[in-house]
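Sequence lines, in order, name chains A and B. Residues 7 to 314, numbered by the numbering used here, are exactly what the first sequence covers, in order. Residues 199 to 484, numbered by the numbering used here, are exactly what the second sequence covers, in order. Where a beta carbon is used, it is the ideal one built from N, C-alpha and C, also for glycine. Input: a single structure, listed below in structure tokens.
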Amino acid sequence: MKNKGNQAVIKYNRWGYIFLIPFTVTYLVFQLIPLFTTVYNSFFENYRDGLTQVGPNFVGLENYAKLLSNGELLMYTKNTMIMWVMGFVPQIIVSLFLAYWFSDPSLRLKGQRFFKTVMYLPNLIMASAFSMLFFTLFSNVGPINGILVSTGILKESYDFMSHVWSTRSLIAFMNFIMWFGNTTILLLAGMLGIDTSLYEAAEVDGANSTQIFWKITLPLLKPILLYVMITSLIGGLQMFDVPQILTSGSGDPVHSTMTLIMYLNKHLYSKNYGMGGALSVLLFIITAILSVMIFKFMGYGERSRKNG
Amino acid sequence: MDSSIKQSKGMNIHARRFISYLVLIIITILCLVWFYILFINATRSNSQLKRGFTLLPSTFLFENWNNVLHGTLPIMSGMMNSVIVSVTSAVLCTYFSTMTAYAVHVYDFKLKKAAYTFILMVMMIPTQVTALGFLKLVGRIGLDDSLIPLIIPTIAAPITFFYMKQYMESTLPLSLIEAARIDGANEFYTFNKVCMPLMKPAIAVQAIFTFVSSWNNYFTPALILHSDNKKTLPIVIAQLRAADFLKFDMGQVYVTIAFSIFPVIVVYLILSKYIVGGVTAGGVKG
Numbered sequence: 007m008k009n010k011g012n013q014a015v016i017k018y019n020r021w022g023y024i025f026l027i028p029f030t031v032t033y034l035v036f037q038l039i040p041l042f043t044t045v046y047n048s049f050f051e052n053y054r055d056g057l058t059q060v061g062p063n064f065v066g067l068e069n070y071a072k073l074l075s076n077g078e079l080l081m082y083t084k085n086t087m088i089m090w091v092m093g094f095v096p097q098i099i100v101s102l103f104l105a106y107w108f109s110d111p112s113l114r115l116k117g118q119r120f121f122k123t124v125m126y127l128p129n130l131i132m133a134s135a136f137s138m139l140f141f142t143l144f145s146n147v148g149p150i151n152g153i154l155v156s157t158g159i160l161k162e163s164y165d166f167m168s169h170v171w172s173t174r175s176l177i178a179f180m181n182f183i184m185w186f187g188n189t190t191i192l193l194l195a196g197m198l199g200i201d202t203s204l205y206e207a208a209e210v211d212g213a214n215s216t217q218i219f220w221k222i223t224l225p226l227l228k229p230i231l232l233y234v235m236i237t238s239l240i241g242g243l244q245m246f247d248v249p250q251i252l253t254s255g256s257g258d259p260v261h262s263t264m265t266l267i268m269y270l271n272k273h274l275y276s277k278n279y280g281m282g283g284a285l286s287v288l289l290f291i292i293t294a295i296l297s298v299m300i301f302k303f304m305g306y307g308e309r310s311r312k313n314g
Numbered sequence: 199m200d201s202s203i204k205q206s207k208g209m210n211i212h213a214r215r216f217i218s219y220l221v222l223i224i225i226t227i228l229c230l231v232w233f234y235i236l237f238i239n240a241t242r243s244n245s246q247l248k249r250g251f252t253l254l255p256s257t258f259l260f261e262n263w264n265n266v267l268h269g270t271l272p273i274m275s276g277m278m279n280s281v282i283v284s285v286t287s288a289v290l291c292t293y294f295s296t297m298t299a300y301a302v303h304v305y306d307f308k309l310k311k312a313a314y315t316f317i318l319m320v321m322m323i324p325t326q327v328t329a330l331g332f333l334k335l336v337g338r339i340g341l342d343d344s345l346i347p348l349i350i351p352t353i354a355a356p357i358t359f360f361y362m363k364q365y366m367e368s369t370l371p372l373s374l375i376e377a378a379r380i381d382g383a384n385e386f387y388t389f390n391k392v393c394m395p396l397m398k399p400a401i402a403v404q405a406i407f408t409f410v411s412s413w414n415n416y417f418t419p420a421l422i423l424h425s426d427n428k429k430t431l432p433i434v435i436a437q438l439r440a441a442d443f444l445k446f447d448m449g450q451v452y453v454t455i456a457f458s459i460f461p462v463i464v465v466y467l468i469l470s471k472y473i474v475g476g477v478t479a480g481g482v483k484g
């Protein structure tokens, strides 16, 4: 009987491999092989110059040297990170507060479902349509300028899309509006997953809501915070639709809203596979470094809190 | 000193409730005002729009809509293509991601740890990074200008997998699967009939996420789809932006934007009940 059971377990466990097949095959074909092709292409000179095709010729690391020396890469990395931080910092603060209020039983907030539904709504809006909407609303002849001028706040219409910080702010604001609801729902799910007896015990011990938030909610929420932060960072590096549509691909004013993926898109569109490949590989490395940094940062936070 | 301040802050429940509602109302306005303006402007004619903003809608919605339909933008086919891609992606992605998570969660096999670590590692890789190779592959297997390369790859979604795995750890006890086996269920049946129902809240959340990211997706489709009847809505919007919009009838521009936004809102209102209800129900139980 026992022997039969063991055999059955081994037989069951074979199903682990079977259930992994769809993922493995799809990943291999559509992600892993393309990744290697991308790396391979980064070592070749391969582009179109007018009607003539140059390459592919093996050039070693020349594409990387070109990419790193022309200063564009640094600028676009800076743009991307500035706009991500401008959107993410308010997002995580607002989301933490909202999720905490929603999950706090002593507050007994009414209309929670309505607020959650509203907050998640902008996330469903197609980024390019939302960006197009902002472009029309904030244009020189758009309704926002119309309202600002007619109420006397501005003397003449302000050209949002031709000033560096107003354009960046618009992009960051759109990212904030689109993603804070998503973050709130994720954080709320995490907060609701916390055993309520912990809160009750803390209350019996005389802890107030501020203490409960810092000593119970936040530490227990760390895995989900980590998840939110990593996915947001990955998303931030992929920032494309909003600035692409808002500036019609130009990244103007003076390339201050040109993101890394917009740069990559330019190379892919013009079929400059050598430079596109090198940029892809560098993006891959940047993503990896930033992910490791966040993991470490969160790890240190844990240690210092334990010491404190 | 410090603790007394905290104490008073903790005590004043009415003030906290007031602040919460105030912030929530501001946030609600920030979320909705854009769509309100969009709705108002979609109902107004070009000449009315040029005269400035009003708070009340006008009567030109259907005229604007009619003009768009008879215009040059492939709006209807764009809509169809977007629906096809997003729905099939959401179904395939959630089903197979749950299956992958199930494999790692339930079974004990040699490569289990390696598989889990591998998926966590590749979770960080943005799809854009492999877009170059992906484009070349799509060209080589003759799927250029087709919707298929936008759908099939969603089967392997590391982030969805990660979420499902996390969710399983808290809601899918192995004893339940053990019990199903004793009752004589085979493994595939157990996955479909025991695991999937329990995973419904997570599947609902992830189905929305996948649907949205697929619906929003502009980068890859813009590189793959070329002919007008294959284009998805984001590409149509980009076309609208690239044209000199001041020469356009602004009423048409607003209606086009509204058209790409409205269907998603309907889908969302149907599913949000399920999602928000599922999330809170789980919490109340605990």
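Chain-ordered chain A contacts of residue i [CB-CB under 9 Å]
i        : result
B:Asp306 : Val15, Tyr18, Asn19, Gly22
B:Trp232 : Pro128, Ile131, Phe136, Leu139, Phe140, Leu143, Ile183
B:Asn244 : Correct list: empty, because the minimum Cβ distance to chain A is about 12 Å.
B:Asn239 : Thr142, Leu143, Pro149
B:Leu431 : Met132, Ser134, Ala135
B:Leu259 : Here the premise fails: no neighbours, minimum Cβ distance about 16 Å.
B:Thr226 : Phe120, Phe121, Val124, Met125
B:Thr565 : Any property of residue 565 of chain B remains undetermined from this structure, which presents chain B solely from 199 to 484.
Bridge-paired residues (DSSP) for residue i
i       : result
A:Val60 : A:Tyr53
Chain-ordered chain A contacts of residue i [CB-CB under 7 Å]
i        : result
B:Asn414 : Met132, Ala133, Asp247
B:Lys334 : Thr43
B:Arg439 : Met138, Phe141, Ile251, Ser254
B:Val451 : Thr142
B:Gly250 : Gly152, Ser156
B:Glu385 : Tyr18, Trp21
B:Met322 : Ile240, Thr293, Ala294, Ser297
B:Ser368 : Gly199
B:Ala436 : Ser134, Ile251
B:Leu222 : Phe121
Check whether residue i and residue j have beta carbons under 8 Å apart
i        : j        : result
B:Phe407 : B:Gln326 : no
A:Phe36  : B:Phe294 : no
B:Asp447 : B:Asn265 : yes
B:Ser412 : B:Ser287 : yes
A:Ile251 : A:Ser134 : yes
B:Val231 : A:Ile131 : no
A:Gly283 : A:Thr44  : yes
B:Met397 : B:Met362 : yes
B:Ile349 : B:Val304 : no
A:Tyr53  : A:Asn278 : yes
B:Tyr300 : B:Phe389 : yes
Partners in chain A for residue i, counting only beta-carbon separations shorter than 8 Å
i        : result
B:Lys310 : Gly22
B:Cys229 : Val124, Met125, Leu127, Pro128, Ile183, Gly187
B:Val462 : Leu130, Ile131, Met132
Residues near residue i in its chain [Cβ-Cβ closer than 8 Å; skip 5 each side]
i       : result
A:Lys17 : none
A:Val65 : Phe49, Phe50, Glu51, Gly280
Residues that residue i contacts on chain B, provided the C-beta gap is smaller than 7 Å
i        : result
A:Gln97  : Here the premise fails: no neighbours, minimum Cβ distance about 12 Å.
A:Asn63  : The premise fails here: A:Asn63 is roughly 17 Å from chain B at the closest Cβ pair, so nothing lies under 7 Å.
A:Thr32  : Ile350, Pro351, Ile353, Ala354
A:Tyr279 : Leu330
Residue i versus residue j - alpha carbon distance
i        : j        : result
B:Ile455 : A:Pro149 : 16 Å
B:Ile435 : B:Val336 : 24 Å
A:Leu104 : A:Pro249 : 28 Å
B:Gly481 : B:Ile433 : Because the pLDDT of B:Gly481 is 28, which lies under 50, any placement of that residue in the model is unreliable, and the question is left without a value.
A:Val147 : A:Gln118 : 38 Å
B:Ser280 : B:Thr430 : 5 Å
B:Arg338 : A:Asn69  : 24 Å
B:Ile227 : A:Gly187 : 14 Å
A:Leu296 : A:Leu288 : 12 Å
B:Ile211 : A:Ser112 : 8 Å
A:Glu162 : A:Ser137 : 24 Å
A:Val95  : A:Asn85  : 16 Å
A:Glu308 : A:Lys228 : In this prediction, A:Glu308 scores a pLDDT of 41, lower than 50, which makes its location untrustworthy; no coordinate-derived value is stated.
Interface flag, residue i vs chain E, CB-CB below 8 Å
i        : result
B:Arg215 : In the displayed structure, chain E is absent; the protein chains listed are A and B.
Cβ-based neighbour list, residue i, same chain, cut-off 7 Å, excluding 5 preceding and 5 following
i        : result
A:Leu285 : Leu73, Tyr269, Leu270, His273
B:Asn244 : Asp447, Met448, Gly449
B:Met321 : Pro356, Ile357, Phe360
Contact set for residue i: own chain, Cβ-Cβ below 6 Å, skip 5 residues either direction
i        : result
B:Lys428 : Asp343
A:Ile200 : Leu226
Contacts that residue i makes with chain B (C-beta to C-beta distance below 8 Å)
i       : result
A:Leu80 : None at all; the shortest Cβ gap to chain B is about 19 Å.
Interface partners of residue i on chain B, CB under 9 Å
i        : result
A:Asn271 : Gln326, Ala329, Phe417, Ala420, Leu421
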